[in-house]
Every structure is written in C-alpha cells, then in structure tokens.
Amino acid sequence: MKKTCLAVLTVLLLAVSCTEKAPVSQLTESGLDKKNFETEVNGKKVGLFVLKNTNGMEVCVTNYGGRIVSVLVPDKDGNKKDVVIGFDSIQDYINVPGNNYGAAIGRYGNRIGNGTFELDGVKYDLPKNNFGHTLHGGDKGFHTVVFDANQIDDKTIELTYLSKDGEEGFPGNLKTKITYTLKDDNAIDIKYEAETDKPTVVNLTNHTYFNMDGDPDSKNTDWLLMLNADNYTPVDSTFMTTGEILPVEGTDMDFRTPTAIGARIDNYDFVQLKNGKGYDHNWVLNTGGDINKIAATLESTKTGIVLETYTTEPGLQFYAGNFMDGKDKGKKGKANQHRAAVCLETQKYPDTPNKKDWPSATLRPGEKYTSETIYKFSVKK
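In our numbering, the protein residues as written are 800 to 1180.
The structure is reproduced here in structure tokens:
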C-alpha cells in the first residue's frame, strides 16, 4: 500500500513539475501571445508588458528595443483595431535586418552627416550605416538593446538603459529612462530622460509604424495628415539635410490643413519627393516646444480613428513607409506592404550636431535631457 501511494505521489509531483515548466499561452486582447516574447536576448530577459486604461484601450510594449508592439483602440463603429504595424514574436523583430518597428531610437534619432561630429574640439566617428551617414544611433542603436523594465502599475512602465562610453562611437556613459504611460483620455504619454558623465549629443524618439485602418493590407494614401509647420528642412539624394530651412507655402510639403497623404506623394517632378522617395522629411514645428499645442493630426476616413501628436521637440519627421516592400511578414503572417503605415518621429532636426545654428542636441554633465511626446487617440464619427 505504501509503495502504491508513493508511486502515485511521484507521478503527481512529476505532473506538477512538467506543468510549471511548460510555456503557457497568455493572449492579449490584441491577439499577441506573451509567451512568444518571453526569452533572453544577449543574456537579459525580454517580455511583453500590457498597459490598459479605464476605456479598455490596450498598449503592448516589449523591453527589447523599448518597442510599442500594438495599440488597440475603438473605431467609429466601436470595433477595436490594432493600429500598429509590427510582429507576433521577439524572434520576428530580431530576424528583420535593421528593423526599427515601434522602437525607441537613440542615442541620436535620424541622421548624423558623414558619420561624424565635433564637440568641444574633439572629433567623434560613428558607424556609417545609411548612405555614408549615421542613422538612428548606428549599427547598435537603442532598437537592438534590452532595457531593464519596471511596470509601475496597469498604465505605466519604466524602461532604463545604460549606454556605455564609446558605444557606437558616442562619448559618455548615458543613463537613459523612458516612461510609457497610458492615460484615461486614450493618450500614450512618452517621457524621455538622460544624464551623462561626458559632453555628448542626445536625440531620443519613437519609431512606431501607425496604420490608421487597423489593416496591414491598406495604404496610407487616403489618410488625412495635418502638420503644424510653416517650414521644413530639405534633403539631398542621400536623405541628408542640406542646412536650409524652407517654407512649405506653395509646395507639396504643405500639410497645414488636413490633406490626403497620397494627393502629391508621387510627384517626383518636385525634387524633394524624388530625393525622399516620397515623404521622409523633418518639419519645423510652429509649436515652440509647447506640449499643449497640436504638432500633427492623422485621420482615417474609413475607421474614423484620429491620432493627435504633441511634443516638446522642435521638429517632426514624417515618414510615409516608402521603403516598406512587403517582404517583412508581420502580425498573423500578413506582409507589411509598401506605404501601409506612417511614422511621426518627434525630434531635434537631423544632423543638428553639425549645424550649429539649429536647436542644440548637446548634453553636458550635471544637466538632464528631457523630452516628452504624446500620441492621443480619438474617433471622428
């Protein structure tokens, strides 16, 4: 009898042990399986963190690259749509070369000309990973690192990362904190902070690919865009800013009133659209760094979903997904099609470290870098 009981107990313990070790599927409301994000990258734990507000809005964030993976919001009919293009697992994010889908971008968002800059008489050389320039922090930008994650509550997560002196050629040990907070007014509030022990340059932003139809098969051409900007910074054929600041008045860059993205995007007779392969430019905002003034609005006439962007930054890069080519298989195996999304990257102007008259990106010891961007969702019925 004792042997029988012992055998039964052993089987039960083994069953419990196996149950504990087996991965358990935990689906988010947007359909992501959390177990597909639970792994280790470069020896650090990665996971998927879910934020929810009182309206039932859901935002999913992973600490791999500080990425916004999904944003679930209601459309004009009350149906919830995931308005972010991305992937179903960490491995998918890792496997796409140079991918920055949804990521936190640093140390320097956008481009630094010829992969070099000078600060206090010292020249710094950076990786040249884009037409001879440094793009989005170099080969190992913040989109490739694992942040330490601390989920404060159901609505807030803090991500921290120490970028060591010399990482990707940048000077100084840079302590960075990014806080994502989902507000009850359906706003995603992103706050950036950084401190350094050597003079350096910092320009942090977010590279979420927004699809306002909640459908990766749709195009962005019919979405209405407003950019609160009288001027923009033109680029050459290598996507580098020329140093000029030009008026949008009378050009295809004028989005001061809501305009369909596709209305002029393929007018390659206009050299800026030819150089950018469409829209991939920095606009000089009229907001003066006031977080309460609207920098941009984006609206789908199909779903009625509206995105308002607010920022303390002087510029905003509007990228229309010109290099999306359908080769990347996104959520549920659907291809991320050409121009199926829009990025609204709030920022210092591109190549600011080499253009002394532009708003400074320099951070010195004893100072604190701060920046804030709000992406607020609503519905127009």
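All C-beta atoms in this analysis are idealised placements derived from N, C-alpha and C, irrespective of residue type, glycine included.
The alpha helix (DSSP H) spanning residue i covers which residue range?
i, result
"residue 1090", "First-last for residue 1090: undefined, no H or E at that position."
"residue 1132", "Residue 1132 -> no alpha helix (DSSP H), and no H or E assigned at all."
"residue 831", "Here residue 831 belongs to no alpha helix (DSSP H), and DSSP marks it neither H nor E."
"residue 1066", "Residue 1066 -> no alpha helix (DSSP H), and no H or E assigned at all."
Assign residue i to one of three DSSP states: helix, strand, or coil.
i, result
"residue 891", "helix"
"residue 957", "strand"
"residue 1158", "coil"
"residue 1172", "strand"
"residue 880", "strand"
"residue 998", "coil"
"residue 1081", "strand"
"residue 1072", "helix"
"residue 1137", "coil"
"residue 943", "helix"
"residue 1098", "strand"
"residue 1153", "helix"
"residue 967", "helix"
"residue 1165", "coil"
Starting from residue i, trace the beta strand (DSSP E) both ways and give me its first and last residue.
i, result
"residue 1181", "Absent from the structure is residue 1181, since the part of the chain shown begins at 800 and ends at 1180."
"residue 843", "843–845"
"residue 922", "921–924"
"residue 1143", "1142–1146"
"residue 1060", "Unbroken run through residue 1060: none, as it is neither H nor E."
"residue 1106", "1104–1110"
"residue 1027", "Counting along the chain, residue 1027 falls outside any beta strand (DSSP E), and DSSP gives it neither H nor E."
"residue 1004", "1004–1006"
"residue 860", "857–861"
"residue 917", "915–918"
"residue 1114", "1114–1118"
"residue 870", "866–873"
"residue 839", "838–840"
"residue 904", "902–904"
Just how far apart, CA to CA, sit residue i and residue j?
i, j, result
"residue 1022", "residue 984", "22 angstroms"
"residue 1159", "residue 969", "16 angstroms"
"residue 1094", "residue 912", "26 angstroms"
"residue 1076", "residue 920", "36 angstroms"
"residue 1173", "residue 1107", "8 angstroms"
"residue 1013", "residue 1123", "17 angstroms"
"residue 1064", "residue 868", "27 angstroms"
"residue 934", "residue 1166", "25 angstroms"
"residue 927", "residue 842", "27 angstroms"
"residue 1061", "residue 1001", "33 angstroms"
"residue 993", "residue 975", "4 angstroms"
"residue 1092", "residue 929", "33 angstroms"
"residue 1135", "residue 1117", "18 angstroms"
"residue 949", "residue 1067", "47 angstroms"
"residue 802", "residue 845", "Only weak support is given to the placement of residue 802: the predicted model assigns it a pLDDT of 44, under 50, and the value that follows is read from those uncertain coordinates. Rounded to whole angstroms, residue 802 to residue 845 spans 44 angstroms at the Cα level."
"residue 967", "residue 939", "7 angstroms"
"residue 946", "residue 958", "6 angstroms"
"residue 944", "residue 901", "13 angstroms"
Please classify residue i: is it buried, with 16 or more other beta-carbons within 10 angstroms of its beta-carbon, or exposed?
i, result
"residue 1112", "buried"
"residue 953", "exposed"
"residue 1034", "buried"
"residue 1046", "exposed"
"residue 1164", "exposed"
"residue 1144", "buried"
"residue 888", "buried"
"residue 1072", "buried"
"residue 1041", "exposed"
"residue 961", "exposed"
"residue 1168", "buried"
"residue 1129", "buried"
"residue 839", "exposed"
Please return the same chain residues whose Cβ sits closer than 6 angstroms to the Cβ of residue i, not counting the five positions on each side in sequence.
i, result
"residue 1088", "1111"
"residue 905", "936, 941, 1003"
"residue 1148", "1032, 1081, 1114, 1157"
"residue 825", "833"
"residue 1175", "986, 1107"
"residue 918", "998"
Please list, in chain order, all residues of the same chain as residue i whose beta carbon is under 8 angstroms from its beta carbon, the five residues on each side excluded.
i, result
"residue 898", "892, 942, 1127"
"residue 1056", "1025"
"residue 1029", "1046, 1047, 1048, 1055, 1083, 1085"
"residue 997", "964, 970, 971, 972, 1164"
"residue 875", "1102, 1103, 1104, 1178, 1179, 1180"
"residue 907", "933, 935, 936, 969, 1000, 1001, 1002, 1152, 1160"
"residue 1121", "1075, 1076, 1077, 1078, 1079, 1137, 1138"
"residue 931", "913, 914, 1037"
To which residues of the same chain is residue i closer than 7 angstroms at the C-beta, ignoring the five residues directly before and after it?
i, result
"residue 829", "857, 859, 869, 871, 881"
"residue 999", "969, 970, 971, 973, 1162"
"residue 847", "831, 833, 836, 859, 861, 868"
"residue 758", "Beyond the ends of the chain as shown, which are 800 and 1180, falls residue 758; an answer cannot be given."
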